[in-house]
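This report refers to the structure that appears directly beneath it.
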Amino acid sequence: MKDALRELLLHALDTLRQDGVLDASVPPFVIERTRSREHGDFACNAALLLAKTLGRKPREIATALVAAMPASKLVARTEIAGPGFINFFLSDAAWHEAIRRALHEGAHYGHSRSGADRAVGIEFVSANPTGPLHVGHARAAAIGDTLARLYSATGWKVYREFYYNDAGAQIQNLALSVQARIGGIEPDDPRWPADGYRGDYIKDVAKDYLAGATAVAGGEQVTAGRNPDDLDAIRHFAVTWLRREQDEDLRAFGVAFDVYFLESSLYVDGKVQQVVDRIASQGHSYEADGALWLRATEFGDDKDRVMRKSDGTYTYFLPDVAYHLSKWERGYKHAITELGADHHGSLTRVKAGLQALDIGIPKDWPQYVLHQMVTVLKGGEEVKISKRAGSYVTLRDLIDMAGLDATRYFLIARKSDSQLVFDIDLARSQTNDNPVYYVQYAHARVCSVHRQMHERSIVFEQHEALKHLDRLGGEHARTVMVEISRFPEIVEAAAASHEPHLLAQYLRELAGAFHVWYNAEQFLVDDEGLRNARVALAYATRQTLANGLGMLGVSAPESM
RNA sequence: GCGCCCGUAGCUCAAUCGGAUAGAGCAUCGGCCUUCUAAGCCGACGGUUGCUGGUUCGAGUCCAGUCGGGCGCGCCA
C-alpha cells in the first residue's frame, strides 16, 4: 500500500522535474502511517525535505506535488497540512484490497521477495556443550530463530548456524567434573576440580558413563567406556551426552539448525593456522613476551590482542575469526551473529581480525544482534537457581513452567537491547493479562465462528463474498482492515531492522482491533451479503494472525 | 578510569532509519453476558520522555555534558 503511494509521488516528482520546477535529485522522503486519523491514513514529508534544497516554502512545493499526482482509486483525497506534510486519505477500496490480498495469498500473506534468494547465515545460541542451555540461550534461540523466520518470509535463503567449542579448557573442566563425580566426589569436597561444573546434571552424565550408556548427537554415537581413568573417553562421552541434551531442548523449543560448526574442525582443516599466517604475512602481527599479537589497535580496538599464547595454544578469538572467515568463504555476503551483550567485547576483536586478513571483508561485516540479560520472576521474586543446572535457570525450566508458546513470545516481545523481565506467573496465566493468550484467543474465536457456520450449514463463497466488501461499515471493521494492511510492512521492518519484537507488538494490536470488532458486531447475520463480507474480514484476520504467529514459532490454536 | 547498552504513566513496555496532540497492557475506579467463547468489550484516572545545554521548520529519537542502572575491559571462553 505504501509502495503504491510511493509510485504516485515518484510520478509527481518526475512531472515536476520535466517542467523544470525541480532539479534531478530525489529526496529520501518517507511515507508513513499517521498517528492520528485527522492527518489521514498516510503522510509524506517530501515537500519538507525539498524545501531545504530548493529554498522554497514547503507548502508551495506540496501543492505542486499534489497537483502533479496522477489519480488513483486508492486515494480518496489528499490534504496539505502542518508545516507541509502531504496527507493521504485512502478510499474504502484500498482497505478492501487488504482483505483480498490476505485471502488470496493465504499462508504467503505478509511474505515478500525483497531478499531475492540471497543467502544469509544467522548464527545464534552457540553454547558450549558443558551444561544445559540457560535463559540467556533461550532468549538467543527465540531471537535468532524468529529472525531466521522473518528473513525466510522476506525471500532470503536462510542458514541457521550453531558454533560450538568442542575442545579447550572448558571441555577439560567438564571432563574433570564428570570424572570427579564418577569417583563419588561432591562439589564441596576439597578434591573437587578447581573450575568444575557443579550442577546435578554432571551426576547424570557420570551415572550413564558408568552404566555403559550410549549417547547420540551430531551424527555421532558414543558408548561410554566405563573406565574412570580414561579422561579422553569421559570427555568424548560427556560432550556427546550434553549435545544430545541441548538438541532435545532446542527441538522442544521449535528450533532446528542447518549447520553445526565444530571449533575442532578449524584446527583439523588448518583454518586457524591459515588465519595466523595470513595476518602475519600482511604485517598485522608481532611477537612479544613469547606470544604472537594482533595489532588490533590498527583496526579500532583499544589494545592489541594475543593470538597465540606463550604456551603455543591459541586464544579463543582466533578460531572465532577463522569461523567467520569460513562463513565469508561459504558465500554469506550477509551474516548475522546473535550474541549475549556480555560478549560484546569480542566483537571488536573478531572484526579487527577479519580486517587484518586484508581480503576485502567489509568493515561492517558481520552484523551483530546483541541481547541483554534476562531476569526470571516467579511469585514476585527473582528465580536464580535451577536444581538441575545449579546456578542458573534453564531453557527447559522455562518451557516446563510457562509452555513453549508463552516462552517464545515473551522472549522476543521486548527489544533485544533492553533487559528483559520474564514473569513466569504472567506467562502461565490464562487471562487477558497475558498477551500470548490474547492473540491466540482472537485466532480461536474466528475458528469458532467457522465451526458455527458449519453447524448451521451456512455456506461461504469467498469469490462471492469479496464482491460485497462495501457492505462492511463502521469504525471497528475499518480498524481491523487497516491493521491487516499493515502486516507486510511490519514483517519487512522487523526483518530489516532485526527487531522481532515489532511483530509481537503488532499481533497484539491486530488481536485487539479484532476483539473490539467482534464484540461490537454479530458476524452470522441473516443478510447474506453482509454476513459474507464480515466472515471474509474475519477469515482475513485469522490468516494474518496465523501467519504472524507462525513467524514467531507460536501456535495458532483452533480452540482454547 | 575506558568502552557498549538502557533510563518514557505507579508497574511492564511501544513509539514505523528526525515528524504533527508521546501510545498500549497491567494496576486502581466505574460500567457491559437470554446474541458466533466475558480467556472478551466500553469508560475514567494517570507524563516537564532522568537532568542541562546544543543542532533545525520540527527532538523521546541526533550531538555534548551530567546523574542513575546493567554488562564488558585476561596469554579465560
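Position one of the first sequence corresponds to residue 1 (my numbering), numbered consecutively onward. Ideal Cβ positions, reconstructed from N, Cα and C, are used throughout, including at glycine. Keep in mind it's a predicted model, so treat the numbers as computed, not measured.
Counting along the chain, the unbroken alpha helix (DSSP H) around F487 starts and ends at G474 to A496.
By a beta-carbon distance limit of 8 Å, I99 does not contact G84. Their separation comes to about 33 Å. The three-state secondary structure of Y409, taken from DSSP, is helix. Shown here, Q282 sits in coil according to DSSP, grouped into three states, outside any helix or strand.
In the three-state DSSP reduction, M551 falls in the helix class (H, G or I). For A76, same chain residues with a beta-carbon under 7 Å away, outside a window of 5 residues either side, are F89, L90 and S91 in chain order.
One Cα belongs to P488, the other to Q273, and the distance between them is close to 46 Å.
Of R451, D423, Y409 and T240, the smallest CA-CA separation from V436 is found for Y409. Under the rule that a run must span 3 or more residues, the beta strand (DSSP E) segments found entirely inside the segment 143-198 read 157-164.
Closest in alpha carbon position to A67, among T78, Y506 and K57, is T78.
Rounded to the nearest angstrom, the Cβ distance from V369 to F422 is 19 Å, too far for a contact under 8 Å. If the five residues before and after N547 are omitted, its C-beta is found closer than 6 Å to the C-beta atoms of Y109 and G110, all from its own chain and listed in chain order. In this structure, the beta-carbon distance from A167 to S265 does not fall below 8 Å. For M401, the enclosing alpha helix (DSSP H) covers residues L395 to A402.
The residue from Y164, G155, L242 and Y159 with its alpha-carbon nearest to that of Y197 is L242. The Cβ-Cβ distance between V306 and T315 falls below 8 Å. Here P500 is buried. Its C-beta has 16 or more other C-beta atoms within 10 Å. Note that the C-beta distance between A442 and E558 is not below 8 Å. The secondary-structure analysis by DSSP pairs V259 across a beta bridge with E161. Using a Cβ distance threshold of 8 Å, L74 and A94 count as a contacting pair. For N45, the number of other beta carbons within 10 angstroms of its own is at least 16, and it is reported as buried. Leaving aside the five residues that flank F523 on each side, the residues in its chain whose CB is nearer than 8 Å to its CB run, in chain order, V449, R531, R534, V535 and A538. The way I'd put it, the segment 509-525 doesn't touch the segment 177-194; fewer than three beta-carbon pairs between them come closer than 8 Å. Secondary structure of I385 (DSSP, three-state): coil. A contact is defined here as three or more CB-CB pairs under 8 Å, and the segment 340-349 fails this definition with respect to the segment 379-393. Nearest to G473 by C-alpha distance, out of R428, G529, E245 and I361, is G529. For F89, the enclosing beta strand (DSSP E) covers residues F85 to L90. For the options A511, K415 and M453, the alpha carbon positioned closest to that of L147 is the one of K415. The beta-carbon distance between G212 and R226, rounded to whole angstroms, is 5 Å. This is short enough to meet the 8 Å contact definition. Pairing M453 with N432, the inter-Cα distance amounts to about 26 Å. Contact between the segment 325-338 and the segment 112-130 is present: 3 or more CB-CB pairs across the two stretches fall below 8 Å.
Here A494 is not near L103, since their CB atoms are 8 Å or more apart. Distances from the CA of R101 to each of D417, Q462 and L176 were compared; the closest alpha carbon is that of Q462.
Nearest neighbour of L50 by Cα position, chosen from T63, H39, E38 and D41, turns out to be T63. At the C-beta level, G403 and D200 stay beyond 8 Å of one another. When secondary structure is reduced to three states using DSSP, T214 falls in the strand class.
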